[in-house]
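In the numbering used here, the protein residues as written are 8 to 529. Positions of the beta carbon are idealized from the N, C-alpha and C atoms, including for glycine. Report on the structure given below.
As structure tokens, then:
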């Protein structure tokens, strides 16, 4: 018996764990075989093999259904860690500095567990900043406004049909997240799990949904719209905590308990995806809007036009109008544009050149390269459509060629006064001509931004009313005079007054402006 105990101890689970076969037979049989076993690659001849031999000898079965092998932990350059090399990481110092949750998330995020992990402390710092701080800020934003308004989303229910489209979009994305995370959990691919969580929290929840819906949180009346945004955010935050709990148990538990007042997220049921909440049409519409906005921002940056500077128009292909036409106001708001123009023919605003990709095409065409170049210079719309589908056939000097997109370079040039951005067949064209009125409005918006920053630095509450005093030259004062009411409204100011020299100076579009804020007592 003593010999067998020692032998079983080399396997530990599940034999020595329950002192089987000497006792606990019922417990053993209820939990045998294990769903999976997880250990380092150095245990291939140790634990994995010992367990397999013991179990086959005792039961005639494998003791585990799946084997998950952790590869080695290396330094950031891919070298094995040794104290003598000075590249070893002291684990408790890392845990004290960043916490167990961020460390666990990073180690899963950086690579699948079955490949070597190149450990880089900067990676943990980035995860802490981009994922955990984003989730914390989203929760804090929600909690701050819920507490300010005295709102508890558990006390009301908005029917799905009464939610706004952006709420339905987020819920569709959230239930697809549950589906994806559950599938990869079942596949033991936690690397994909944490990437799904990171992308959803950063892109869908924080960068789009919360940012787009701030005004709904700010509204004074608790109407259906405001209840809908609170209810949706609350449901998704709780769900994210549940999905995150197996990976970052402490962080998820804190937020979950604060939201629900329940004992622990680890006592809650794991989320299940509801396919009835998934709506491909809504996702397609909103995702197209998001992609076009991203292209538009890139185009603005290329044209060196700040986002706060209004522009007159953007031009879109008319084919997207039936998809996004009734929600294209989102593009206007996000890109700060006055109007959207849909056009069948975009050639008025840009030119497109097709040239051979000589690195690829040279080997194929040889002596026919000159004729291929001439063909591309005069390519028809019909042939362009076939080319886009990799389905274009041409004949040059008696030789048939199949023309695929990798053989051709497509160059898009913007005409004067416009800037074109193209990606994955999505096109957006910015009108870059700035009138005096547009420049003045841009100046007003920059002024608002500076005032809002001063509100924060002065520790004013989000609901505090203020008076604004400013000093400037006549040109600045003249340029913003038509936008004073707009500035007042956006900054919760009761009055704006021009005064003589102020000591606190800020630069606003190359103007030196003194600004002083005064909180108005309630």
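* Would you check if the distance between the CB atom of residue 217 and the CB atom of residue 322 is smaller than 7 Å? => For this step, residue 217 is matched to residue 210 along the chain shown. For this step, residue 322 is matched to residue 315 along the chain shown. Against a cut-off of 7 Å, the Cβ pair of residue 322 and residue 217 comes out as no contact.
Q. Quick one: any contact between the region 466 to 481 and the region 328 to 336, if contact means 3 or more CB pairs under 8 Å?
A. no
(message) Our contact map puts residue 439 next to residue 449 with C-beta atoms below 8 Å; I'd like the distance itself, whole angstroms only.
(response) One-based indexing of the chain shown puts residue 439 at position 432. One-based indexing of the chain shown puts residue 449 at position 442. Not quite, the Cβ-Cβ distance comes to about 13 Å (not below 8 Å), so this is no contact.
Burial state of residue 260 (16 or more Cβ within 10 Å):
Here the question's residue 260 lines up with position 253 in the chain shown. With 16 or more Cβ atoms within 10 Å of its Cβ, residue 260 is classed as buried.
message: Buried or exposed for residue 384, going by 16 or more other Cβ atoms inside 10 Å?
response: As a working note, residue 384 is residue 377 in the chain shown. That one is exposed.
Nearest to residue 317 (by Cα), restricted to the options 38, 300, 441
What you label residue 317 is simply residue 310 of the chain shown in a count that begins at 1. The shortest C-alpha separation from residue 317 is found at 441.
Problem set entry | Sequence ranges, beta strand (DSSP E) only - wholly within the region 331 to 375, length at least 3 | 344 to 350, 357 to 363
Nearest-angstrom Cα distance between residue 204 and residue 123?
-> For the purposes of this step, residue 204 is identified with residue 197 of the chain shown, where counting begins at 1. For the purposes of this step, residue 123 is identified with residue 116 of the chain shown, where counting begins at 1. C-alpha separation (whole angstroms): 22 Å.
task: Can you tell me the Cβ-Cβ gap for residue 320 and residue 426, rounded? I've got them flagged as a contact below 8 Å.
output: Residue numbering aside, residue 320 sits at position 313 when the chain shown is read from its first letter. Residue numbering aside, residue 426 sits at position 419 when the chain shown is read from its first letter. Residue 320 to residue 426, Cβ: 12 Å. No contact.
Inter-residue Cα distance where the pair is residue 225 and residue 281:
Indexing the chain shown from 1 puts residue 225 at position 218. Indexing the chain shown from 1 puts residue 281 at position 274. Roughly 30 Å between the two C-alpha positions.
> Given residue 351, which residues of its chain have a CB within under 6 Å of its CB, disregarding the five upstream and five downstream residues?
Replying inline: Walking along the chain shown from the start, residue 351 turns up at place 344. Excluding positions up to five away in sequence, the list reads 325.
message: Please classify residue 56 as buried or exposed, where buried requires at least 16 neighbouring CB atoms within 10 angstroms.
response: For the purposes of this step, residue 56 is taken as the residue at position 49 of the chain shown. When all chains shown are included, residue 56 counts as exposed.
- Item | Coarse secondary structure for residue 241, derived from DSSP in three states | Position 234 of the chain shown holds residue 241. Looking at residue 241 - three-state DSSP - the assignment turns out to be helix.
Using the beta-carbon count (16 or more within 10 Å), is residue 530 buried or exposed? Because the chain is modelled from 8 through 529, residue 530 falls outside the range shown and cannot be assessed.
By how many angstroms is the C-alpha of residue 187 removed from the C-alpha of residue 460? Residue 460 sits at position 453 when you count from the first residue of the chain shown. Residue 187 sits at position 180 when you count from the first residue of the chain shown. Each residue's Cα considered, the two are about 40 Å apart.
If you draw a straight line from the alpha carbon of residue 258 to that of residue 96, how long is it in whole angstroms?
Here residue 258 is taken as the residue at index 251 of the chain shown, counted from 1. Here residue 96 is taken as the residue at index 89 of the chain shown, counted from 1. Using only the alpha carbons, I get a separation of about 24 Å.
What did DSSP end up calling residue 510 once you bin it into helix, strand or coil? Position 503 of the chain shown holds residue 510. Reduced to three states, the DSSP call for residue 510 is coil.
Taking the continuous alpha helix (DSSP H) assigned at residue 532, which residues delimit it?
Outside the shown range of the chain (8 to 529) lies residue 532, about which nothing can therefore be said.
### Message
Rounded to the nearest angstrom, what separates residue 1 and residue 232 at their Cα positions?
### Response
Given that the chain is displayed from residue 8 to residue 529, the structure contains no residue 1 and the question cannot be resolved.
Can you say whether residue 236 is buried or exposed, counting buried as having 16 or more other CB atoms within 10 angstroms of its CB?
-> Position 229 of the chain shown, counted from the first residue, corresponds to residue 236. Buried.
- Message: Taking only three categories from DSSP, how would you classify residue 27?
- Response: Locating residue 27 in the chain shown gives position 20, counting from the first residue. Coil at residue 27, not helix or strand.
If you scan the region 169 to 213 from start to end, which runs of the alpha helix (DSSP H) of 4 or more residues do you find wholly inside it? 172 to 193, 197 to 206
Practice item. Could you give the DSSP three-state label for residue 88: helix, strand or coil? Key: As a working mapping, residue 88 is identified with position 81 in the chain shown. Residue 88 falls in the coil class under three-state DSSP.
Please list the segments of the beta strand (DSSP E) lying wholly inside the region 51 to 107, counting only runs of 3 or more residues, in order along the chain.
-> 71 to 77, 80 to 82
What are the uninterrupted segments assigned as beta strand (DSSP E) that are 3 or more residues long and contained completely in the region 281 to 306, given in chain order?
none
Taking only three categories from DSSP, how would you classify residue 439? As a first step, residue 439 must be located in the chain shown, where it is residue number 432. In this structure, residue 439 counts as coil in the three-state DSSP scheme.
Worksheet item: Exposed or buried, what is residue 183 when buried is set at 16 or more other beta-carbons lying within 10 Å of its beta-carbon?
Response: For this step, residue 183 is matched to residue 176 along the chain shown. Classification of residue 183: buried, given that the 10 Å Cβ count is 16 or more.
_Proximity winner among 35, 523, 428, relative to residue 506 (alpha-carbon distances)_ = For the purposes of this step, residue 506 is identified with residue 499 of the chain shown, where counting begins at 1. Checked all of 35, 523, 428; the closest Cα to residue 506 is 523.
Three-state class that DSSP yields for residue 531 in the structure shown: Absent from the model: residue 531. The displayed extent of the chain is 8 to 529, so no value can be given.
Taking DSSP as the reference, what is the three-state secondary structure of residue 424? Here residue 424 refers to the residue found at position 417 when the chain shown is read from its first residue. Coil.
* What residue does the alpha helix (DSSP H) around residue 154 start on, and which one ends it? -> On the chain shown, residue 154 is found 147 positions in, with the first residue counted as 1. Run containing residue 154: 140 to 156, per the alpha helix (DSSP H) assignment.
Worksheet item: What does a CB cutoff of less than 6 Å around residue 27 pick up in its chain, not counting 5 residues either side in sequence?
Response: Position 20 of the chain shown holds residue 27. For residue 27, where only same-chain residues beyond five positions count, the Cβ hits under 6 Å are 35.
Considering only the beta carbon of each residue, do residue 451 and residue 382 sit closer than 7 Å? To locate residue 451, count along the chain shown from 1; it is residue 444. To locate residue 382, count along the chain shown from 1; it is residue 375. No.
| task | Would you grab the beta carbon distance between residue 238 and residue 160 for me? Rounded to a whole angstrom, and I think it's under 8 Å. | result | Along the chain shown, read from residue 1 onward, the residue named residue 238 stands at position 231. Along the chain shown, read from residue 1 onward, the residue named residue 160 stands at position 153. Contact flag correct, Cβ pair sits at about 5 Å.
Discussion item. Whole angstroms are fine: how far does the CA of residue 302 sit from the CA of residue 179?
Written reply: Your numbering for residue 179 matches position 172 in the chain shown. Your numbering for residue 302 matches position 295 in the chain shown. Taking the straight line from one Cα to the other gives about 24 Å.
**Prompt:** Using 8 Å as the threshold, is the region 34 to 52 in touch with the region 63 to 82, meaning 3 or more CB pairs across them?
**Reply:** yes
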